[in-house]
Amino acid sequence: MGHADSSMVPTCTLSVPVVSWRRRAFGTSPIMPRLRGGRSENSILLDIRSTVLSQTEELEELVSVNATAVEALAKDIETWRVKKSFKVRFGLPLVFDDVKQEINFYALLATLSFGSGWQEGVWSKAPTKGVPTRDSVLNMLISLHMDSKNLDAAGLAEVSLFALSQALDIPLTKEKRLDGGPIRQDVPSDYRWLVDKYYSVLSSLSSDLTSRGFKDLADFILSSRMHGHVRVDESDVNFSASLLVERLVKCFETFQDVANVGQSSVPLHRKAQLVCEDLVARFAAREHRLNFTDMEDLTLGSDAETVTWLRKLSLIEVSPALAKKIDSDKEIEAGSREEAALRVAGVKACMKLAEEINKINPEDTVSNVEVWRYISMQVKDLYFKQAKEVRQEANNKFGQGEEEEEKIYVIGEGDDKKMFRCKNTQHY
Numbered sequence: 055m056g057h058a059d060s061s062m063v064p065t066c067t068l069s070v071p072v073v074s075w076r077r078r079a080f081g082t083s084p085i086m087p088r089l090r091g092g093r094s095e096n097s098i099l100l101d102i103r104s105t106v107l108s109q110t111e112e113l114e115e116l117v118s119v120n121a122t123a124v125e126a127l128a129k130d131i132e133t134w135r136v137k138k139s140f141k142v143r144f145g146l147p148l149v150f151d152d153v154k155q156e157i158n159f160y161a162l163l164a165t166l167s168f169g170s171g172w173q174e175g176v177w178s179k180a181p182t183k184g185v186p187t188r189d190s191v192l193n194m195l196i197s198l199h200m201d202s203k204n205l206d207a208a209g210l211a212e213v214s215l216f217a218l219s220q221a222l223d224i225p226l227t228k229e230k231r232l233d234g235g236p237i238r239q240d241v242p243s244d245y246r247w248l249v250d251k252y253y254s255v256l257s258s259l260s261s262d263l264t265s266r267g268f269k270d271l272a273d274f275i276l277s278s279r280m281h282g283h284v285r286v287d288e289s290d291v292n293f294s295a296s297l298l299v300e301r302l303v304k305c306f307e308t309f310q311d312v313a314n315v316g317q318s319s320v321p322l323h324r325k326a327q328l329v330c331e332d333l334v335a336r337f338a339a340r341e342h343r344l345n346f347t348d349m350e351d352l353t354l355g356s357d358a359e360t361v362t363w364l365r366k367l368s369l370i371e372v373s374p375a376l377a378k379k380i381d382s383d384k385e386i387e388a389g390s391r392e393e394a395a396l397r398v399a400g401v402k403a404c405m406k407l408a409e410e411i412n413k414i415n416p417e418d419t420v421s422n423v424e425v426w427r428y429i430s431m432q433v434k435d436l437y438f439k440q441a442k443e444v445r446q447e448a449n450n451k452f453g454q455g456e457e458e459e460e461k462i463y464v465i466g467e468g469d470d471k472k473m474f475r476c477k478n479t480q481h482y
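Quick look at the structure:
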């Protein structure tokens, strides 16, 4: 994809007077982001919430929420643990020029947060070359950053497909024997399609940012307008999660995430909401334009990992035919009712779990986004625990002269349930 010359990228940056955090958050401490209050009518986030609840009945024959299991789990979850999970953010040993460059880095990480259904490999000593892992995108961005690559619109336009492949450690091609003979031919590698999608997203994002007059993704996020060619005073703008999600969805195709249900559609916009969730938790205390007061309206939970964890604990129940398809590693067709049912059920289950927790402890309520983050941390803990066990087992076998065995990452211990796979999507 061709891009405009880097000289076309505006060099001006936002210069917005710092507004008092008391004026921004109506009493919210700048040290901790406020997750309740600030709802407004006709919010895109409220529209997502209401649409998910209204459309789920059409999909219950494929995937349904187990109310009994939700109630039982809610009794075992401590509110303080849920809130703590939202606060926990892992830092990186990287040096950034300023907070805007750091915001841009984490925003790109959320933008490229897809392909989770294929990140299953936990190998005996180290990830096998060419297999995507949970940290493939993170390692890629770190590599580009440490190589002094500018991750702004102009810099992203200069990243080649080959350079991206090297940074991801996923080759573009592999050798294939012709008719079993000695002659070999280069063919696309097993995960070439995933590299192509990452490249497509970065190229599209770079082009859209340039055409709209924004230097990088952080420049767009810290603005309130659709175009940045002419900068205006935004000191009185009510920056919010709803405003940011709406702008991301309207301006960039990569953030447009809608599940098809019959003749209707259910907006999910997972990555746009993920950008809000992570940036607010990390930067609300340092950047007043990210001190959103409507975070409780976010509705996450439509990713493959969350759905698999919910299914493992029986919070969602999948029809026998669909369960067999998932557990036998058959791909789910993008845009199908099966895909929509799984993703919508994941969001609804997180919402119902938050409601049940709040019924038990109405004086200290939690939001959907906090519950989703709690689940996400549970998945990470299981992953790292299993990875540690795999390495320990491999070391023991190596000492005994035994051959190492390949292990497959499955969410949970002693559980054969797998994540659902879908190639033709860039949303989860």
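Each number in the numbering used here comes from the position in the sequence shown (counting from 1) with 54 added on.
C-beta atoms are modelled at their ideal positions from N, C-alpha and C, and glycine is treated no differently.
Please read all numbers here as calculations on a predicted model, not as lab measurements.
query, result
"Using only CA atoms, which one of K379, E132, A221 and T479 lies nearest to G389?", "T479"
"Classify Y482: buried if its beta carbon has 16 or more other beta carbons within 10 angstroms, exposed otherwise.", "buried"
"Could you tell me whether the Cβ atoms of R99 and V299 are closer together than 9 Å?", "Note on residue identity: the sequence assigns Leu, not Arg, to residue 99. The answer is yes: Cβ separation under 9 Å."
"Helix, strand or coil: which one does DSSP assign to V4?", "Here the chain covers residues 55 to 482 and nothing more, so residue 4 does not appear."
"Just tell me which of C330, V142 and V249 has its CA closest to the CA of Y160.", "C330"
"So for R427, helix, strand or coil by DSSP?", "helix"
"Consult DSSP for L89 and reduce its assignment to one of helix, strand or coil.", "Bear in mind that a pLDDT of 47 at L89, under 50, signals an unreliable position, so the number given afterwards is only what the model happens to contain. If DSSP states are grouped into helix, strand and coil, L89 belongs with coil."
"Could you tell me which residues DSSP puts in a beta bridge with D240?", "E229"
"Leaving aside the five residues before and after D344 along the sequence, list all residues of the same chain whose C-beta is less than 7 Å from its C-beta, in chain order.", "The question names Asp, yet the displayed sequence has Leu at residue 344. The residues are L333, V334, F337 and A338."
"Indicate the three-state DSSP secondary structure (helix, strand or coil) for V312 in the structure shown.", "strand"
"Assign I429 to buried or exposed, taking buried as 16 or more other Cβ atoms, counted over all protein chains shown, within 10 Å of its Cβ.", "buried"
"Inspect the CB distances between the region 136-150 and the region 247-261 and report whether three or more fall short of 8 Å.", "no"
"Would you kindly report the start and end of the unbroken alpha helix (DSSP H) that includes I414?", "R391 to I414"
"For L226 and S243, which I take to be in contact (beta-carbon distance under 8 Å), what is that distance rounded to the nearest angstrom?", "6 Å"
"Pick from G355, E424 and F474: whose alpha carbon is nearest that of W134?", "E424"
"Near R427, what residues of its chain come up, given a Cβ to Cβ distance below 6 Å and the 5 sequence neighbours on each side ignored?", "S139 and F140"
"Quick one, which of L192, K228, R188 and Y252 has its alpha-carbon nearest L215's?", "Y252"
"What residue range does the alpha helix (DSSP H) around E371 cover?", "Premise fails: E371 lies in the beta strand (DSSP E), I370 to V372, not in any alpha helix (DSSP H)."
"Using the beta-carbon count (16 or more within 10 Å), is A221 buried or exposed?", "buried"
"Just grab the DSSP bridge partners of P186 for me.", "DSSP, once it has assigned bridges, lists no residue as partnering P186."
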